[in-house]
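With full-length UniProt numbering applied, the sequence shown closes on residue 348, and no number is skipped along the way.
Ideal placement from N, C-alpha and C gives every residue a C-beta, glycine not left out.
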Amino acid sequence: MTTGFDSLRGHFVSAMAHLKSGLKILRDLKVTSAEEENAIETNISPLFLRLSIQAILFIDTRPNPERVEMVTELAHVRSRNRAIPEKFESLEEARNCMNQVASSLFRMTYACDGDKSIIDQPMEAFDLFQRYAEENEGWNTAFERFMGAKSAALNSRELRGAALLKIHHMTAHIMSKMTPVAADPRPLAQAMNDPLIFSKFNDESRTIVSLCRSLVATEEQDIKNGKTSATFSSDLGVIGPLYYVCIRCQDLAIKDLAIALLERCPRREGMWDSESGVRMVREFWSIEKTHLLRDMNHERGKSETVPMCDILEMEFGDGMKWSWKLKDAMGIMTPIRHGRECGELAWR
Numbered sequence: 001m002t003t004g005f006d007s008l009r010g011h012f013v014s015a016m017a018h019l020k021s022g023l024k025i026l027r028d029l030k031v032t033s034a035e036e037e038n039a040i041e042t043n044i045s046p047l048f049l050r051l052s053i054q055a056i057l058f059i060d061t062r063p064n065p066e067r068v069e070m071v072t073e074l075a076h077v078r079s080r081n082r083a084i085p086e087k088f089e090s091l092e093e094a095r096n097c098m099n100q101v102a103s104s105l106f107r108m109t110y111a112c113d114g115d116k117s118i119i120d121q122p123m124e125a126f127d128l129f130q131r132y133a134e135e136n137e138g139w140n141t142a143f144e145r146f147m148g149a150k151s152a153a154l155n156s157r158e159l160r161g162a163a164l165l166k167i168h169h170m171t172a173h174i175m176s177k178m179t180p181v182a183a184d185p186r187p188l189a190q191a192m193n194d195p196l197i198f199s200k201f202n203d204e205s206r207t208i209v210s211l212c213r214s215l216v217a218t219e220e221q222d223i224k225n226g227k228t229s230a231t232f233s234s235d236l237g238v239i240g241p242l243y244y245v246c247i248r249c250q251d252l253a254i255k256d257l258a259i260a261l262l263e264r265c266p267r268r269e270g271m272w273d274s275e276s277g278v279r280m281v282r283e284f285w286s287i288e289k290t291h292l293l294r295d296m297n298h299e300r301g302k303s304e305t306v307p308m309c310d311i312l313e314m315e316f317g318d319g320m321k322w323s324w325k326l327k328d329a330m331g332i333m334t335p336i337r338h339g340r341e342c343g344e345l346a347w348r
């Protein structure tokens with residue numbers, strides 16, 4: 001609870017300290033009965049997993065030892081999770097399993113070295129990727145079966161929850177498909193940030209935006225009808241996926257729709273807030289445009305695109321604000337990679 005309150009108040013350093021303490025307690029917790037183990041698997045472990053996933057955005061700005069430490073602690077939480085079933089019995093079960101999928105994704109990314117090709121990554125990364133890919137596909141199958149059997153009985157609130165889960169799955173699906181094949185010789189950071197590959201997922205991005213639009217419109221209608229709508233949440237919602245579409249999608253029309261939705265729904269979700277998201281997106285677009293123009297080969301008129309992950313990194317600075325920082329202080333196009341920092345993280 002303390003972690004959640006600190007996060008919502010913007011006290012991320014304090015929230016991380018509480019989260020780390022909680023993860024260590026969970027790791028060392030000794031159970032004496034099947035009932036205690038079930039309580040941990042059903043209630044405590046999923047809660048810490050959700051809080052850890054929310055914290056990824058902040059963890060990504062920390063020194064590498066802190067990131068490695070968090071992944072190590074996450075592994076202990078992850079080891080308590082159950083296998084994804086053939087069909088979910090409830091939306092809560094689907095949400096907990098979606099968090100498991102996200103956990104595998106983030107752990108895989110932290111295990112990788114952005115300067116090395118996929119074939120040169122540690123074996124742990126391959127194992128995590130295989131688990132993530134299987135879990136992601138298994139989740140979708142179990143979810144579709146659940147919706148086929150139970151959707152008619154879901155109320156309005158539950159249908160919104162189902163739509164949000166589908167949004168998160170599609171975002172995770174794009175991330176999964178960005179992992180290069182073994183024969184790709186490029187550094188992993190470059191391969192996983194290839195605009196040409198992202199352009200293959202415009203349909204998925206369009207669906208994400210469409211589902212988000214439906215959720216935002218429903219909340220706006222609730223407000224018109226006098227119903228109270230929460231402006232903050234301890235869970236991830238639409239901000240992260242919309243931000244991801246704005247940064248990664250290669251279709252300008254879809255990106256414009258995504259940022260328009262971010263501007264329509266002022267809220268905070270975990271460590272995400274829509275106002276900062278809009279600002280970060282517009283700053284990213286401006287820097288991206290400038291560097292793409294500079295990246296032209298003046299002698300031959302050819303383009304040798306340097307990935308944006310070699311140019312920018314996110315940082316958490318004074319006033320508890322997210323901002324972009326040039327990796328090269330001179331602002332030139334020299335590629336400067338910092339290992340895993342170039343990876344796909346926190347739907348950014």
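{"query": "Quick one: give me the first and last residue of the alpha helix (DSSP H) that Gly240 is part of.", "result": "239-248"}
{"query": "Would you call Met308 buried or exposed, if buried means 16 or more other Cβ atoms sit within 10 Å of its Cβ?", "result": "buried"}
{"query": "Please state the DSSP three-state secondary structure of residue 389.", "result": "For residue 389 there is no data in the structure shown, the boundaries of the chain being 1 and 348."}
{"query": "Is Ser117 helix, strand or coil when you go by DSSP?", "result": "coil"}
{"query": "Let me check one thing: in DSSP terms, what residues is Glu313 bridge-paired to?", "result": "Lys325"}
{"query": "In whole angstroms, what is the alpha-carbon distance linking Lys224 and Lys327?", "result": "46 Å"}
{"query": "Suppose only complete runs of 4+ residues qualify. What are the alpha helix (DSSP H) ranges in the region 135-187, listed by chain order?", "result": "156-177"}
{"query": "Roughly how many whole angstroms lie between the Cα atoms of Cys265 and Lys255?", "result": "16 Å"}
{"query": "Helix, strand or coil: which one does DSSP assign to Arg268?", "result": "strand"}
{"query": "Just reading off the alpha helix (DSSP H) that Ala90 is part of, what are its end residues?", "result": "The question names Ala, but residue 90 in the sequence shown is Ser. No alpha helix (DSSP H) contains Ser90, which DSSP labels as neither H nor E."}
{"query": "Beta-carbon separation of Arg82 and Leu165 under 8 Å?", "result": "no"}
{"query": "Once you ignore the five residues that flank Phe146 on each side, which residues in its own chain have a CB closer than 7 Å to its CB?", "result": "Lys87, Phe88, Ala94"}
{"query": "Decide yes or no for the touch test of the region 109-128 against the region 180-192: beta carbon pairs closer than 8 Å, at least 3 of them.", "result": "yes"}
{"query": "What is the DSSP secondary structure of Asp194, reduced to helix, strand or coil?", "result": "coil"}
{"query": "Take Asn193 and list the residues in its own chain whose beta-carbon comes closer than 6 Å to its own, dropping the five residues that flank it on each side.", "result": "Pro307, Cys309"}
{"query": "CA-CA distance, Gln121 and Gly277?", "result": "32 Å"}
{"query": "Within this structure, are the beta carbons of Ala102 and Ala152 separated by less than 8 Å?", "result": "no"}
{"query": "Using 8 Å as the cut-off, can you tell me whether the region 122-140 makes contact with the region 200-211, which would need three or more C-beta pairs spanning the two stretches below that distance?", "result": "no"}
{"query": "Can you name, in chain order, every residue of its own chain whose Cβ lies under 7 Å from the Cβ of Met170, other than the five neighbours on each side?", "result": "Glu204, Thr207, Ile208"}
{"query": "Residues bridged to Asp273 by DSSP?", "result": "Arg268"}
{"query": "So what does DSSP say about Ala125, is it helix, strand or coil?", "result": "helix"}
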